[in-house]
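Student: Starting off with a structure, shown below.
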Amino acid sequence: MNSASKRNSILQAILYSGAIATTTALSLLAPTLSKPAEANLENSPKAVLDEAWQIVNRDYVDGSFNQTDWQATRQTLLEKNYTSSEQAYEALRQALDQLNDPYTRFLDPQQFKTLTNQTSGEMSGVGMQLKEDELTKVITVVNVVENSPAMKAGLLPGFDLLVINL
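In my numbering, the protein residues as written are 398 to 563.
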């Protein structure tokens with residue numbers, strides 16, 4: 398084995414060892430590193446706003462966001478300075494109001510707790526799970542809950558939703 402090959406083999410071994418050591422260190426530190434991030438999310442109104450915006454951006458069914466410039470909404474939300482969580486919550490509610498969708502709303506932690514306590518063990522909604530095809534944007538029924546309004550209306554898994562009447 399010539400000296401260049403030997404040097405490359407040693408360098409490869411060092412790089413592999415370094416990668417393994419880095420991966421091991423990160424996997425051991427990850428649980429402790431994530432805790433401050435969770436606390437930071439709770440204590441940062443902008444982090445809460447951005448997390449909520451991300452959820453709507455990822456999961457909202459209407460890709461046009463009801464003809465709202467959703468990217469500009471994010472920028473507006475994050476440009477402001479909030480002195481309290483309540484101010485941030487109100488800004489988020491106003492942003493969601495732009496969607497003009499009665500089924501999309503934000504509940505602050507206390508409202509969410511109240512709702513979950515009131516509806517524990519109860520079903521809400523029409524009782525079906527939907528999926529949007531990323532390419533065609535067609536919304537398909539994936540699952541229908543037994544004895545739900547969706548089942549009583551005759552919806553079945555595999556049906557495509559063409560129109561939603563409010």
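By construction, the Cβ of each residue, glycine as well, lies at the ideal position given by its N, Cα and C atoms.
The structure presented is a predicted model; accordingly, all values stated were derived computationally and were not measured.
(1) What three-state label does DSSP hand N514 in the structure shown?
(2) Distance check for R490 and G460, CA to CA, integer angstroms please.
(3) If you count every other CB in all the chains shown that lies within 10 Å of the CB of A418, and 16 or more means buried, which is it?
(4) Counting Cβ pairs, one atom from each stretch, are 3 or more of them under 8 Å apart for the stretch 497-513 and the stretch 524-539?
(5) Could you check whether D456 and Y486 sit closer than 8 Å to each other, using their CB atoms as the reference points?
(6) Does E531 come out as helix, strand or coil in the three-state DSSP assignment?
(7) Rounded C-beta distance between A492 and L474? I'm assuming under 8 Å.
(8) Quick one: what does DSSP say D505 is sitting in, helix, strand or coil?
(9) In whole angstroms, what separates the C-alpha of T537 from that of Q472?
(10) Could you give the C-beta distance for L552 and V541, rounded to a whole number, given that I count them as a contact under 8 Å?
(11) Could you pull out every unbroken alpha helix (DSSP H) segment of at least 4 residues lying fully inside the stretch 432-493, listed in chain order?
(12) Between which two residues does the beta strand (DSSP E) containing I536 stretch?
(13) Express the C-alpha separation of Q515 and L438 in angstroms, rounding to a whole number.
(14) What number of angstroms, rounded off, separates the C-alpha of Q495 from the C-alpha of T465?
Tutor: Quick look at the numbers:
(1) The count along the sequence shown starts at 1 and reaches residue 514 at position 117. DSSP, reduced to helix, strand and coil, places N514 within a helical segment of the structure shown.
(2) Position 63 of the sequence shown holds residue 460. Position 93 of the sequence shown holds residue 490. Distance between the alpha carbons of G460 and R490 is about 19 Å.
(3) Against the sequence shown, residue 418 aligns to sequence position 21. Its pLDDT being 38, under 50, A418 is placed unreliably in this model, and the value from its coordinates should be taken loosely. By the neighbour-count rule (16 or more Cβ atoms within 10 Å), A418 is not buried but exposed.
(4) Output reads no: the stretch 524-539 does not touch the stretch 497-513.
(5) Taking the sequence shown and counting its residues from 1, the one referred to as residue 486 is at position 89. Taking the sequence shown and counting its residues from 1, the one referred to as residue 456 is at position 59. The beta carbons of Y486 and D456 sit no closer together than 8 Å.
(6) Here residue 531 refers to the residue found at position 134 of the sequence shown. Coil.
(7) As a first step, residue 492 is located in the sequence shown; it is residue number 95 there, counting from the start. As a first step, residue 474 is located in the sequence shown; it is residue number 77 there, counting from the start. 6 Å between Cβ atoms; contact.
(8) If you number the sequence shown from 1, residue 505 lands on position 108. In the structure shown, D505 sits in coil (DSSP, three-state: anything other than H, G, I, E or B).
(9) Reading the sequence shown from its first residue, position 140 is the one you call residue 537. Reading the sequence shown from its first residue, position 75 is the one you call residue 472. Counting only the Cα atoms, Q472 lies some 32 Å from T537.
(10) Translated into the one-based positions of the sequence shown, residue 552 becomes position 155. Translated into the one-based positions of the sequence shown, residue 541 becomes position 144. Yes, L552 and V541 are in contact; Cβ-Cβ is about 6 Å, under 8 Å.
(11) List check, alpha helix (DSSP H) in window: 442-456, 467-476.
(12) Here residue 536 corresponds to residue number 139 of the sequence shown, with the count starting at 1. Boundaries of the beta strand (DSSP E) harbouring I536: 536-541, taken from the DSSP string.
(13) For the purposes of this step, residue 438 is taken as the residue at position 41 of the sequence shown. For the purposes of this step, residue 515 is taken as the residue at position 118 of the sequence shown. For L438, the predicted model reports a pLDDT of 49, less than 50, meaning its position is unreliable; a value from the coordinates is still stated below. Near 26 Å, if we compare the C-alpha coordinates of Q515 and L438.
(14) Along the sequence shown, read from residue 1 onward, the residue named residue 495 stands at position 98. Along the sequence shown, read from residue 1 onward, the residue named residue 465 stands at position 68. Rounded to whole angstroms, Q495 to T465 spans 7 Å at the Cα level.
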